[in-house]
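First to last, the sequence lines map onto chains G and V. The first sequence begins at 10 in my numbering and counts up by one. The second sequence begins at 954 in my numbering and counts up by one. Cβ coordinates follow ideal geometry from the N, Cα and C atoms, glycine included. Heads up, the thing below is written out as structure tokens.
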Amino acid sequence: MQTAIYYGLATFLTLFSFLKDKNKTKLSLRKAWKSFVNILPQLLGMISVIGIIIAYLSPQTISNLIGGSSGWLGVLSAAIVGSITLIPAFVAFPMAAILLENGAGYMQLSAFASTLTMVGLITLPLEIKFFGRKFALLRNILAFVFAFIVAFVIGRVVG
Amino acid sequence: MKILKKYLVFLLSLGVIGLSFLWDKQTAVKAVVTVGKSFKEMLFILPPIFVLLGLLDVWVPRETMVKYMGKDSGLMGSLLAFLLGSAAAGPLYVVFPIAAAFLRKGVGLFNVLIMIGAWSTTKIPMLLMEYNSLGAKFTLTRLFMNIPLIIIIALVMVLLLKEEDVQEIYKRAAKME
Chain G
10 MQTAIYYGLA TFLTLFSFLK DKNKTKLSLR KAWKSFVNIL PQLLGMISVI
60 GIIIAYLSPQ TISNLIGGSS GWLGVLSAAI VGSITLIPAF VAFPMAAILL
110 ENGAGYMQLS AFASTLTMVG LITLPLEIKF FGRKFALLRN ILAFVFAFIV
160 AFVIGRVVG
Chain V
954 MKILKKYLVF LLSLGVIGLS FLWDKQTAVK AVVTVGKSFK EMLFILPPIF
1004 VLLGLLDVWV PRETMVKYMG KDSGLMGSLL AFLLGSAAAG PLYVVFPIAA
1054 AFLRKGVGLF NVLIMIGAWS TTKIPMLLME YNSLGAKFTL TRLFMNIPLI
1104 IIIALVMVLL LKEEDVQEIY KRAAKME
């Protein structure tokens, strides 16, 4: 749905741009291609490493890591496992649902979901490449810490 | 040789997946399926985003971006950043090149951070998936917690990053073009 909007918008604006100024349009497309090619190798590398990790971290393995899934130790383990990498949502939430069935608590799942979507060790080099070390480290550390605050509230509200 | 080095991680991972076919076929197949799916997602999402960024680069003058989303754009700039992040698709690393392009155009660091925060937590397709897997109470509680937390993270980072750090970030973004 969203992607369709992106494509529609990109097509429409490119046509519009082409009608107004052919050369500027060529320049912008060349720039688009250049930045795409620029990050492609790193993206491919990241995607494949993440794929391998997801394959080996089955929900059963994670269930074991999260432990009896109760208490703050479980929250900590969940947060750490979630921090290994940023994961696409289409993997993260189905995985969380399976963990729920396997007996993980909501508090642990909250920490897991927060760090999955916000903290990524494997994506850190890419983030550093774009924004520098201090920015990337600060952002990831803050997101990690806040995962516990959200987990605490989830524990109170959802149980 | 240079190209080989650039794709080193990718090639090594392919090697690992290839090897794991020998001793754990099931896991190897799973890895291939996940990589394929992520790859398709990337190839699907990235082209229009980069085309839009290219057009932004060429057509939108820096002054316009500064006016609407610059350091002194106020509440509207942050709201715009929040909406852009929430309307997004794709995992968080897709936002990195977008954020860099915005920095190049003079968008304020706080607003860029709000966009990154929104991208990671309040994306609409992600919320729907979360709702389907973990229920309304869980999703809504997390959402209501995450919105203020996005702002707090952005505030803390802007406070902790010194003037020279911020300049370094903008310089880096300029180099990424």
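Quick check on the burial criterion: 16 or more other C-beta atoms within 10 angstroms. Buried or exposed for residue i?
i, result
"G:E110", "exposed"
"G:Y1", "The structure shown does not extend to residue 1 of chain G, since chain G spans only 10 to 168, so no value can be given for it."
"G:V46", "exposed"
"V:R1095", "buried"
"V:F1049", "buried"
"G:Q117", "buried"
"V:E994", "buried"
"G:L108", "buried"
"G:N73", "exposed"
"V:E1117", "exposed"
"G:K40", "buried"
"V:M1018", "buried"
"G:G80", "exposed"
Assuming residue i and residue j make a contact with CB atoms under 8 Å, what is their CB distance in whole Å?
i, j, result
"V:R1015", "V:K1058", "5 Å"
"V:G1086", "G:P103", "Just to set this straight, residue 1086 of chain V is Ser in the shown sequence, not Gly. So it is a contact: roughly 6 Å between Cβ atoms."
"G:T132", "G:T94", "6 Å"
"V:W1012", "G:K33", "7 Å"
"G:A152", "V:I1106", "7 Å"
"G:S37", "V:D1010", "6 Å"
Let's see if you can read the secondary structure: which residues bound the alpha helix (DSSP H) around residue i?
i, result
"V:T1074", "1062-1074"
"V:V1019", "1015-1022"
"G:L95", "It is not in any alpha helix (DSSP H) - G:L95 carries neither H nor E in the DSSP assignment."
"V:L1032", "1027-1039"
"V:E1117", "1116-1128"
"G:M10", "G:M10 -> no alpha helix (DSSP H), and no H or E assigned at all."
"V:P1101", "1089-1113"
"V:A984", "978-1012"
"G:T124", "115-127"
"V:Y960", "Per DSSP, V:Y960 belongs to no alpha helix (DSSP H) and is neither H nor E."
(request) Could you please tell me which residues of the stretch 130-144 of chain G, in chain order, have their CB closer than 7 Å to any CB of chain V? (result) Flagged, chain order: T132, L135, E136, F139, F140, G141, K143, F144.
(message) Under 8 Å: do the stretch 1017-1028 of chain V and the stretch 1041-1049 of chain V share three or more Cβ pairs, one atom per stretch?
(response) Remark: fewer than three beta-carbon pairs, one from each stretch, lie closer than 8 Å, so the stretch 1017-1028 of chain V and the stretch 1041-1049 of chain V are not flagged as touching.
(message) Please identify, using Cβ separations under 8 Å, the residues of the stretch 45-61 of chain G that lie next to chain V, in order along the chain.
(response) For the stretch 45-61 of chain G, the residues whose beta carbon sits under 8 Å from a beta carbon of chain V are, in order, F45, N47, I48, P50, Q51, L52, L53, G54, M55, I56, S57, V58, I59, G60, I61.
(message) For the stretch 1067-1080 of chain V against the stretch 77-91 of chain G, do three or more pairs of beta-carbon atoms, one drawn from each stretch, fall closer than 8 Å, so that the two count as touching?
(response) Fewer than three Cβ pairs drawn from the stretch 1067-1080 of chain V and the stretch 77-91 of chain G lie within less than 8 Å of each other, which leaves the two stretches out of contact.
(message) Is it the case that the stretch 973-990 of chain V contacts the stretch 60-78 of chain G, given that we only count it when at least three CB pairs across the two stretches are under 8 Å?
(response) By the Cβ rule, the stretch 60-78 of chain G counts as touching the stretch 973-990 of chain V, because three or more pairs are nearer than 8 Å.
(request) Spell out a yes or no on whether the stretch 1087-1106 of chain V and the stretch 148-165 of chain G are touching, meaning 3 or more CB-CB pairs, one atom from each, closer than 8 Å. (result) As far as the Cβ criterion goes, the stretch 1087-1106 of chain V touches the stretch 148-165 of chain G, which means the pair count is three or higher.
(message) Short of 8 Å Cβ to Cβ, which residues in the stretch 1022-1049 of chain V face chain G?
(response) Taking a C-beta cut-off of 8 Å against chain G, the contacting residues of the stretch 1022-1049 of chain V are A1040, A1041, A1042, G1043, P1044, L1045, Y1046, F1049, listed in chain order.
(message) Contact between the stretch 1105-1118 of chain V and the stretch 146-157 of chain G is defined here as three or more beta-carbon pairs at a separation below 8 Å; is this criterion met?
(response) Yes, the stretch 1105-1118 of chain V is in contact with the stretch 146-157 of chain G.
(request) Would you check if the stretch 956-971 of chain V and the stretch 47-57 of chain G touch, i.e. whether three or more CB-CB distances between them fall below 8 Å? (result) Under the Cβ criterion (8 Å, minimum of three pairs), the stretch 47-57 of chain G counts as touching the stretch 956-971 of chain V.
(message) For the structure I just gave you, are there three or more beta carbon pairs, one from the stretch 118-125 of chain G and one from the stretch 1064-1071 of chain V, closer than 8 Å?
(response) For the pair of segments examined, the stretch 118-125 of chain G was found not to touch the stretch 1064-1071 of chain V: the number of CB pairs separated by less than 8 Å stays below three.
(request) Return the residues of the stretch 20-41 of chain G that lie within a Cβ-Cβ distance of less than 7 Å from chain V, sorted by chain order. (result) Near chain V, meaning a CB-to-CB distance below 7 Å, the residues of the stretch 20-41 of chain G are L22, T23, S26, K33, L36, S37, L38, K40, A41.
(request) Taking only beta carbons into account, state which residues of the stretch 67-95 of chain G come closer than 9 Å to chain V, listed in chain order. (result) Answer set for the stretch 67-95 of chain G: S67, L95.
(request) Take every Cβ of the stretch 11-29 of chain G, pair it with every Cβ of the stretch 993-1005 of chain V, and state whether three or more of those distances are shorter than 8 Å. (result) The stretch 11-29 of chain G vs the stretch 993-1005 of chain V: in contact.
(message) So if I threshold CB-CB distances at 9 Å, which residues from the stretch 997-1021 of chain V count as touching chain G?
(response) So the list reads F997, I998, L999, P1000, P1001, I1002, F1003, V1004, L1005, L1006, G1007, L1008, L1009, D1010, V1011, W1012, given in the order they occur along the chain.
(request) Compile a chain-ordered list of the residues in the stretch 1108-1129 of chain V whose CB is closer than 8 Å to at least one CB of chain G. (result) Of all residues in the stretch 1108-1129 of chain V, the ones placed with a Cβ closer than 8 Å to any Cβ belonging to chain G are V1109, M1110, L1113, L1114, D1118, E1121, I1122, R1125, A1126, M1129, in chain order.
(request) Check each residue of the stretch 141-166 of chain G: if its Cβ is closer than 8 Å to any Cβ of chain V, include it; give the result in chain order. (result) For the stretch 141-166 of chain G, which is checked against every Cβ of chain V, the residues closer than 8 Å are G141, K143, F144, L147, R148, L151, A152, F155, I158, V159, V162, I163, V166.
(message) Counting only Cβ-Cβ distances shorter than 9 Å, please list the residues of the stretch 960-972 of chain V near chain G, keeping chain order.
(response) Identification of residues in the stretch 960-972 of chain V having a C-beta nearer than 9 Å to some C-beta of chain G yields Y960, L961, V962, F963, L964, L965, S966, L967, V969, I970, given in sequence order.
(request) Taking a Cβ distance cut-off of 7 Å, strictly less, list which residues of the stretch 975-988 of chain V are near chain G, in chain order. (result) From the stretch 975-988 of chain V, only T980, K983, A984, T987, V988 have a Cβ closer than 7 Å to chain G.
(request) Please list the residues of the stretch 104-124 of chain G that have a C-beta atom closer than 8 Å to any C-beta atom in chain V, keeping them in chain order. (result) Answer set for the stretch 104-124 of chain G: A105, A106, L109, Y115, L118, S119, A122, S123.
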